[in-house]
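I have placed the structure first, in the form of structure tokens, so that the comments after it can refer back to it.
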Amino acid sequence: MNIRRLVTLETVGAAMVTVLVLVAIFAPMLAPHDPTIVVAPTFGDPGAPTLAFPMGTDELGRDVLSRIIFGARISLTVGVAAMAVTMTIGIAIGLCSGFFGGAVDFILMRFTDLMLSLPPLLLAMALVAVLGPSLRTIFIVIGLVSWTSIARVVRAETLAMSRRDFVVGAEALGAPSLRLIARHIIPNVLPIIVVMAALRTSDTLLLDAALSFLGLGVPPPTPSWGRMIEEATIYFRTAPWLATFPGLAIFYAVLSFNLLGYGFLRRRSQ
Amino acid sequence: MRRRIMPVVIALAIAFAFGCGGGPPPLNLPPHAMVIRLADVDDVPTLDPAAGYDTVSWTFEQAIFDTLVRYGDGNIELEPDIATAWESSPDATSFTFHLRTDARFSDGRSVTSEDFRYGIERVLNPATRSRGMEYYRGIVGAADFAAHRNPHVSGIDTPDNSTIVFHLSAPDPIFAHKLAMPFASAIPRDVAEKWGDDFSRHVVGSGAFMLRDWIGGQRLVLVRNPYYFAKPLPHLDAIVESVGVNQELQWLRFDAGQIDAMVDIPPAEFPYVMKTPALRKLTLAKTTVTTRYLGMNCQMWPFTDVRVRRALSYAIDRHKLIAILNGRAIAARGVMPPNLPGYDPDLEGYDYDPAKARALLEQAHLAGGFEFEIWMRADQTILMLAQSIQQDLAPLGIRARLKPVAWGPFLEAIRQPHTVQSYMQGWEADFPDPENFLGALLSRAQWGSNNDSFYSDPEVEQLLADAQPVADLKKRYALYDQAEKIVVADAPWVILYYPVTYIIRQPWVHDYVMNPMRPTRFEHVWLSPRPE
Amino acid sequence: MLAYLVRRIVFGAAVLVGTSVITFTVAFVVPADPAVAMAGAKADPQTLASIRSEMGLDQPLYVQYARYFDRAIHGDLGRSYIRRESVTRLIADRFPATAVLAGAAMALSLMLGIAMGALAAAYRGRAADNILLVISLALVSIPVFWLGTMLLIAVAATIRSFPLGGYSGATSLILPTLTLALGSAGYYSRVLHTSLCDAFDQDYVRTARGKGLSRMRVMLKHAMANALLPLVTLAGLDLAGLLSGVVLTETVFNWPGIGRLAAEAIFNLDIPVIMGTVLFSALLIVVVNLLVDLLYAWLDPRIRLAETG
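Chains as they are written, first to last, in my numbering: chain A, 1 to 270; chain B, 271 to 802; chain C, 803 to 1111.
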């Protein structure tokens, strides 16, 4: 087994993602304490990292390590769910646009342009502020503001596919559109979709963290990494570890999906 | 290749040019001027007395404008400001004020009774969208004026330049206090009408200070008003407030002697300040006339049952909340906070007693617990406090779901009778009278307005109605006290705490006095020479 | 060329109108009462009612939109509910701070990104390439607000009297610029790397290499010019985004820019300001898009010919 061939971007990424998923699934067993109850003697003030609490405790006396472990659940759930929403919308629009062309393409692409002119973070903030933050609202909103790049990419691939001889021929023979899409277009578009799914997840994770940081994430006491950073900012001088660890967690998660997606991308273009 | 490099280089050059030239323009104050330097996180919302309704706006409004009466530096007794004397009719429907003749605006013009009339009419005019409208609606003719049926408020008389009379449509013994609010400042009509909605940026008042410049998002500078009537005040030559400075940075600047006073010590530094004798000496504390509570909707399950409400009152540990606030609060017992006249120090509230809570829940057949929502403004501190409440209720099987929302939707939601089960709220006194708490927050008439727990009790209603027109303070407070006791027993709120504000000032700042109901005034403040 | 320009301008205007309709609808269909935002917490229903009728808030939606549209065309974007200031003025006050940060961040991220991308391409396949790749991916994965906070922590702990937030001259620009630029630099370096590698596979480059020129030299002289084009488009769009304010960086550093204004407005449901900032952002994107397309056409004669042909 050649180590160098094994350690590629996508394998490292896949390993990191797997660890993340396992942590999320086995959180109750891995976390030393309940993330929502008071465990530290220093209620009202953050506590420094000690042997008992390796990542310290926060203002409400909760163990930071346990909160980070449980935070993986929320982050993964939102990240993956939002990615699913985004992919669904983006793929649908991209496929229709690329395949049907003409007026459909025009309208859908103009609509995409319109969406592109709205700043995504602000739009997400506005929607969450109005609809009220909850798990479902958040991943739907994130999904709604992130689909434009998928739509474009899928459209480009679909266009390329649609022009291929065998598709044109099948169409001429009267094959129904849906069948054509399902049998010919989708399988060929699939690779790029997989890549984009991974890359999108890292983006949705970042967007979710940003929303939590701005106070629009999943409401407490569910631990959310972004919100943990927000709660830690006033202590940045006196208790800097409070902000450091959640950030590292986000970085880890985002990096893992980026490695995965980018690895596949490079593999595909070789 | 050169073609590509150039744009980048140019962009860089521009950026650096901007960056170096950026920041606020120089202050240009005389070298030995006595200048107090302050800082704040956010920009001053407004300087327009009709619009401002927050601590920061009022801080500067009361420096720039004068009212008929005002509170003493450190107390809530009414003192003369522009009015030298005043009297009211025995039935408290008519108030007459006699003005001094030597008060002048910063542009030199004399202050007359007409300026006060204009100020109040401006507040009552819906076009101004003033937040103080409701306080002056009791004046005769206010409604007609607001509906544009009358160019003036008929109930305000200005028989001569130095007399003004207010006629009220119902007795209001505390009306004079409403004239101590910045809403009732003297406003020069010509300046206000010239600038319209932009008056805030071009304010002219008769107070001790005047506006010199205001760079949005950067700084606000006030200088002394040469025409101020109470010479030789103010001692200060200028007040400079830098904005956009976050709390930690403010603290560092204070530590380095670059700021003279901090109105809000950051929670991260507070324990250190209190433990260091040298710093502790420099702090001042005041109990604000504020009560913070968890309101429960008496019309919605499970809070229709008084036993459940009382159970929650026993189940929540107020001392944990105070710990989160670094000790900057007093555990609450009654509806009214300590500095409010009429406060009952002997009132028995609820202690932290989970056993009693459990017993009450059993009586209410909810021993297994239940789930409910707590709505609140999306504020970090409030969220922290709410999480502590969650922690307290969890062992009783009660699951509290937190719902932080924006201010606007929050207010709207809590005013609906069947939307919000419970909410985190606070109320700060507008004027020093129990009516401002019990009447404004717990009477039937305020359903859909400020009585968001939709509480109503016939005995309380009767007591409130009886007490409101009573001018004899002892009798008045006794009646309100009775009402308060009933309310506390009925527990429409879990009354949490009364916040305490701490400020810290440099050793060279003198006569910086805290007032329970108002921000600190600057007229008497003076600075000894700063150490170099 | 002229026809192209006109078409783009018309289209841009259409996008602006479309954006305003969408934002307006969302803002006013939203269940939030503007009168409450204006009148404040303690206002009683009577006050609210009179404010509502005074502001014309009880008019049907399309009437309100028409009035808004009419005023907007003349540069009046209304007044903030919370601050009473004119929205145009609020945005104008904050634009210089935003522009300075945007310019500095764009400059830095381009410099870093181009350098990293070019280096990685020059040493393609070797260790340096892989290291730079990982660095770029890492940079792209760092949450902006965390990076900013970490920088604040590091500086606060080591350098005294360094401005920690707020806009007060050149030094205060350093941290926010660094925060913004690092992530983009990572991204740009990847984009450049890809286009450079594509360019390397082109015939004319192969020829140059065949002539014995070093990779670096080849790259700089021949490949770079073409490879920079896609980057220009990307950077242009990003610049538009930067100019409309960067909420996260501005929040961490208390930077008095448009991003914070917009975020604050969203929290307070201060609708005129929300609409104003969104429209402003859309305007920037449309204008910058147009400029970038023109720049592209100017730089790459092939496109120009294709359009007019």
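Glycine included, every Cβ here is placed at the ideal spot set by N, Cα and C.
Between the C-alpha atoms of A456(B) and G1038(C) there is a straight-line separation of about 53 Å.
R562(B) sits in a strand when the DSSP states are folded into three classes.
For the region 207–221 of chain A, the residues whose beta carbon sits under 7 Å from a beta carbon of chain C are, in order, A209, A210, F213 and L214. At a cut-off of 8 Å, the C-beta of M532(B) has no neighbouring C-beta in chain C. In chain order, W225 and I229 place their CB closer than 8 Å to the CB of G247(A), counting only its own chain and leaving out the 5 sequence neighbours on each side. Contact note: D45(A) reaches chain B through P541, using a C-beta cutoff of 7 Å and chain order. Rounded to the nearest angstrom, the gap between the Cα atoms of R788(B) and G408(B) is 23 Å. In the structure shown, T546(B) adopts coil according to DSSP, grouped into three states. Apart from sequence neighbours up to five positions away, the residues of its chain that approach D312(B) with a beta-carbon distance below 8 Å are V326, V513 and G514, ordered along the chain. K673(B): member of the beta strand (DSSP E) spanning R669 to V675, first to last residue. Identification of chain A residues near L934(C) by a Cβ-Cβ cut-off of 8 Å yields none; the smallest Cβ-Cβ distance measures about 13 Å.
For the region 104–138 of chain A, the set of residues with a beta-carbon nearer than 9 Å to any beta-carbon of chain B comprises A129, V130, G132, P133 and S134, in chain order.
Cβ contact annotation for S1083(C) (same chain, cutoff 6 Å, sequence separation greater than five): S1046, in chain order.
Taken in chain order, the complete beta strand (DSSP E) segments of 3 residues or longer contained in the region 553–604 of chain B are 553–557, 560–566 and 599–601. Along the region 596–620 of chain B, the positions whose C-beta sits under 7 Å from a C-beta of chain A are N596, read in chain order. Restricting attention to beta strand (DSSP E) runs no shorter than 3 residues, the region 610–675 of chain B encloses them at 641–647 and 669–675, ordered along the chain. Here T88(A) is exposed: its Cβ has fewer than 16 other Cβ atoms, across all protein chains shown, within 10 Å.
As a beta-bridge residue in DSSP terms, M480(B) pairs with V493(B). Residue state for Q861(C) is assigned as coil, using DSSP reduced to three classes. Taking C-beta atoms as the reference points, G143(A) and A82(A) count as a pair closer than 8 Å.
Of the residues assessed, R928(C) falls on the exposed side of the cut-off, its CB having fewer than 16 other CB atoms within 10 angstroms. In chain A, no part has a C-beta under 7 Å from the C-beta of F964(C); the shortest such distance is about 13 Å. Taken through DSSP and simplified to helix, strand or coil, N720(B) comes out as coil.
The CB of M913(C) never comes closer than 8 Å to any CB in chain A; the least such distance is about 23 Å.
Under DSSP, G696(B) shares a beta bridge with R562(B). R307(B) is bridged by DSSP to V510(B).
Taking 9 Å as the Cβ-Cβ cut-off, the region 645–673 of chain B approaches chain A at A648, D649, Q650, L653, M654, A656, Q657, S658, Q660, Q661, A664, R671, L672 and K673, given in chain order. Take the alpha-carbon of L655(B) and the one of P702(B): they are about 27 Å apart. For D649(B), the closest alpha carbon among the candidates V461(B), D623(B), F642(B) and A676(B) is that of A676(B). DSSP lists S364(B) as the beta-bridge partner residues of H437(B).
Secondary-structure assignment with DSSP links Y750(B) through no beta bridge to anything.
Cβ neighbours of L994(C) within its own chain (closer than 7 Å, five residues either side excluded): G915, I916, G919, A920, A1029 and L1033. Contact residues of the region 500–521 of chain B toward chain C are G514, V515, N516, E518 and L519 (C-beta to C-beta distance below 7 Å). Look at L369(B) here: in three-state DSSP terms it is strand. At a cut-off of 8 Å, the C-beta of W465(B) has no neighbouring C-beta in chain C.
Those residues of the region 717–737 of chain B placed with their C-beta closer than 7 Å to a C-beta in chain C are G718, S719 and N720, ordered along the chain.
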